[in-house]
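Asker:
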Amino acid sequence: MLLIVFMEIAWRARETALNDIRGSPEDSYKMLPRFAYILELNNPGFVVEYKVDVNGRFLYFFMVLYASISCWQHCRSVISIDGTSLKNKYDGTLLSALTLDANDQIFPLVFCVVDSENDSS
Numbered sequence: 001m002l003l004i005v006f007m008e009i010a011w012r013a014r015e016t017a018l019n020d021i022r023g024s025p026e027d028s029y030k031m032l033p034r035f036a037y038i039l040e041l042n043n044p045g046f047v048v049e050y051k052v053d054v055n056g057r058f059l060y061f062f063m064v065l066y067a068s069i070s071c072w073q074h075c076r077s078v079i080s081i082d083g084t085s086l087k088n089k090y091d092g093t094l095l096s097a098l099t100l101d102a103n104d105q106i107f108p109l110v111f112c113v114v115d116s117e118n119d120s121s
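Numbering of the sequence shown is given in full-length UniProt numbering, commencing with residue 1 and proceeding in unit increments.
Right under this line is the structure:
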């Protein structure tokens, strides 16, 4: 019983320290509109879109570099899409679309963070 109490205290201390260093997930999601604005401002041709629902809940964040748009025509006509789970309390998913360029090197096309893998995202 005593060990469980110490583990709980240690876990809360760890979470507090990580939030102090990295910031909280809530703060990160709140910064997305500013992040999108800065990306568009500093990268001409950059496409970024984010969406929240009527309650302000995060739905998705989509971004594609202008280089990916302009070089797509020189790549192979096969697209690979993959996703991985984000390890935080909101359980989002990072999706990416990749292809191969003329030298058979991996070429990133699109990155997207979604609340869950579904058709609406």
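No residue lacks a Cβ here, since even glycine has one placed at the ideal position from N, Cα and C.
Rounded to whole angstroms, what's the CA-CA distance from residue 14 to residue 91? Just pull it up for me.
Answerer: Cα to Cα, residue 14 sits roughly 20 Å from residue 91.
Asker: How far does the beta strand (DSSP E) with residue 77 in it extend, from its first residue to its last?
Answerer: Run containing residue 77: none; DSSP gives neither H nor E here.
Asker: In angstroms, rounded to a whole number, what distance separates the CA positions of residue 35 and residue 28?
Answerer: Cα to Cα, the separation comes out at about 10 Å.
Asker: Hey, would you say residue 64 sits closer than 7 Å to residue 47, going by beta carbons?
Answerer: Closer than 7 Å, so yes.
Asker: Please confirm whether residue 74 and residue 97 have their CB atoms less than 7 Å apart.
Answerer: Cβ atoms of residue 74 and residue 97: not closer than 7 Å.
Asker: Rounded C-beta distance between residue 111 and residue 100? I'm assuming under 8 Å.
Answerer: Between residue 100 and residue 111 the Cβ distance is about 17 Å, and since that is not below 8 Å, they are no contact.
Asker: Counting C-beta neighbours from all protein chains within 10 Å, is the total for residue 114 16 or more, i.e. buried, or is it exposed?
Answerer: Buried, because 16 or more other Cβ atoms sit within 10 Å of the Cβ of residue 114.
Asker: State the Cα-Cα distance for the pair residue 10 and residue 94, rounded to the nearest angstrom.
Answerer: Their backbone Cα atoms lie some 30 Å apart in a straight line.
Asker: From residue 49 to residue 43, what does the alpha carbon distance come to, in whole angstroms?
Answerer: Each residue's Cα considered, the two are about 14 Å apart.
Asker: Here's the rule I'm using: 16 or more other beta-carbon atoms within 10 Å means buried, otherwise exposed. How should residue 61 be labelled?
Answerer: The residue is buried, with at least 16 neighbouring Cβ atoms inside 10 Å.
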